[in-house]
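All the letters of the sequence shown, read from the start, carry residue numbers 1163 to 1248 under the working numbering. Cβ coordinates follow ideal geometry from the N, Cα and C atoms, glycine included.
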Amino acid sequence: MVAMLQQGQGQAMVLNSDVVTIKDASAQTGYSAEYLRRLIRAGEIEASKLGTVYLVKLDSLLDYVRERAEDGKDSTGPRGKAARVD
1163 MVAMLQQGQG QAMVLNSDVV TIKDASAQTG YSAEYLRRLI RAGEIEASKL GTVYLVKLDS
1223 LLDYVRERAE DGKDSTGPRG KAARVD
């Protein structure tokens, strides 16, 4: 997955597939954007911020989802859907 962010002057910056936006992370896992932001602030998943946009490290997100599923603590996301790990 390649994320594109609008940079001024109509230019877009292409990011590598190691990161996803909060919106993409939410769509992939079923977790709400706010829940993902809480996980980032708590240090549960790794992310960096580019302007006002969080870029979630995909490996960190997938590890979190897998660990929660293995522990049996969170087999579904906060929206009541099973988190997908593709």
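Exercise. What is the rounded straight-line gap between the Cα of residue 1223 and the Cα of residue 1189?
Worked result: 12 Å
Exercise. Should residue 1204 be labelled buried (16 or more other beta-carbon atoms within 10 Å of its own) or exposed?
Worked result: exposed
Problem set entry | For residue 1227, the residue or residues it bridges with in DSSP | In DSSP, residue 1227 forms no bridge with anything.
Exercise. Using the C-alpha atoms, what's the distance from residue 1219 back to residue 1210?
Worked result: 8 Å
Exercise. Considering residue 1188, what are the terminal residues of the alpha helix (DSSP H) in which it resides?
Worked result: 1184-1191
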